[in-house]
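Visitor: One structure is given below, represented as structure tokens, and several questions about it will come after.
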Amino acid sequence: MFRRPSEWRIFWEAFSQDRLAVTAAAVIGLVCLSAILAPLISPYDPTVGDNNLRLAPIGTPGHVLGLDGQGRDILSRLIWGGRVSLVIALLPVAVATLLSVFLGLIAGFFGGTADMLIMRTLDVFFAFPAVLLAVAIAGVLGPGMLNVMLSITIVLVPYIARVAYMATVTVKNELFVDQARVCGARPRQILFHHILPNTLSPVIVYASTLVGIMIVLGAGLSFLGLGITPPKPDWGIMCADGRNFLSVAPHVSAVPGIALILVAMSFNIVGDGLRDALDPKLRK
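Residue numbers for the sequence shown follow my numbering, so the first one is 889 and each next one is one higher.
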């Protein structure tokens, strides 16, 4: 007897056909795995340096990616810095997504006063550029990992909530929702059993593309001295540490800079792949 393939299988078959997205996902998986296993695979303490080998170039025996201006192993700092950068991006995106989905569902489903209060309040944040707003909030709160994550979360909520709101309004007017109302379904059942599952796809796709951007934003705040405080490794701090040595040791800033670009691009590519795989109109 013919069995209809599951939604998961359909999604995976569509996603796996996109070789670029699969490659990007593999890069992200490798970075995440190295971040998780940092205590085991890091060859040196990322905060301890050797002044006798300051600014050693790439390929130095025992130090594949060289050393920075304080004689610290760049590979070790890259691994531990990736751990910090991923946490700074992933956790705020996850928290902002949960909060934004809730706000978008309430505003889009009930409309009226709820729509006016929630969405008009969030619209205020759109009056300011996202990066400038993050810098301002981080400047008020002060440097530190928790403050950076809080500032990123605040910046993200209006954008993700707008996507959730638009998806909710669209799904709310679908025929199957009207049928559920006619059958006597309660508003809570309609909201969580019919509307919520059908609004998650665009939100997940949008959130996945934001992760890469937030990694760059978090690194930028650290670069400006508003994020992670030394000697804790962070890709933004690593880029800042190499500013004074660009002419004699460009690898000190180039290595973390390349890592930032690679990971940010990978998240964007995966986001595009998820969009293509989740949208039936875009499936190949």
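Glycine included, C-beta positions come from ideal geometry on N, C-alpha and C. Since the model is a prediction, treat every value here as computed from it, not as a measurement.
How would you label Phe890, buried or exposed, when you count the other beta carbons within 10 angstroms and need 16 or more for buried?
Guide: Note that Phe890 has pLDDT 40, beneath the 50 cutoff, so the model's placement of it is unreliable and the number below is only indicative. It counts as exposed.
Visitor: Can you grab the Cα-Cα spacing for the pair Met1126 / Ala1024, in whole Å?
Guide: Rounded to whole angstroms, Met1126 to Ala1024 spans 22 Å at the Cα level.
Visitor: Starting from Phe1013, trace the alpha helix (DSSP H) in both directions and tell me its first and last residue.
Guide: Counting along the chain, Phe1013 falls outside any alpha helix (DSSP H), and DSSP gives it neither H nor E.
Visitor: Tell me, please, whether the segment 1095-1110 touches the segment 925-932 by the rule of three or more beta-carbon pairs shorter than 8 Å.
Guide: Result no; under three Cβ-Cβ pairs closer than 8 Å.
Visitor: Taking Tyr1193 as part of the alpha helix (DSSP H), name the residues at either end of that continuous run.
Guide: This structure leaves residue 1193 out entirely; the chain is present only between 889 and 1172.
Visitor: Note the first and the last residue of the continuous alpha helix (DSSP H) segment covering Ala1024.
Guide: Residues 1018-1029.
Visitor: If you draw a straight line from the alpha carbon of Leu1114 to that of Val1091, how long is it in whole angstroms?
Guide: Going by the C-alpha atoms only, they are around 29 Å apart.
Visitor: Put Asp961 into one of helix, strand or coil per three-state DSSP.
Guide: Strand.
Visitor: With a threshold of 8 Å between beta carbons, is Ala1055 in contact with chain C?
Guide: This model lacks chain C altogether, as it is built from one protein chain only.
Visitor: Check whether the segment 1011-1030 and the segment 1078-1088 are in contact - that is, three or more C-beta pairs closer than 8 Å.
Guide: No: the two stretches stay apart, fewer than three of their Cβ pairs being nearer than 8 Å.
Visitor: Would you be able to state if there are at least three C-beta pairs under 8 Å between the segment 1066-1081 and the segment 1035-1042?
Guide: These segments do not touch.
Visitor: Buried or exposed, going by whether 16 or more other CB atoms sit within 10 Å of the CB of Asp1011?
Guide: Burial call: exposed.
Visitor: Give the range of the alpha helix (DSSP H) segment to which Ala912 is assigned.
Guide: Its alpha helix (DSSP H) spans residues 907-924.
Visitor: Among Asp1066, Thr935, Gly969, Tyr932, which residue has its Cα nearest to the Cα of Val919?
Guide: Closest by alpha carbon: Gly969.
Visitor: Going by DSSP, what residues sit across from Leu955 in a beta bridge?
Guide: Answer is Asp961, bridged to Leu955.
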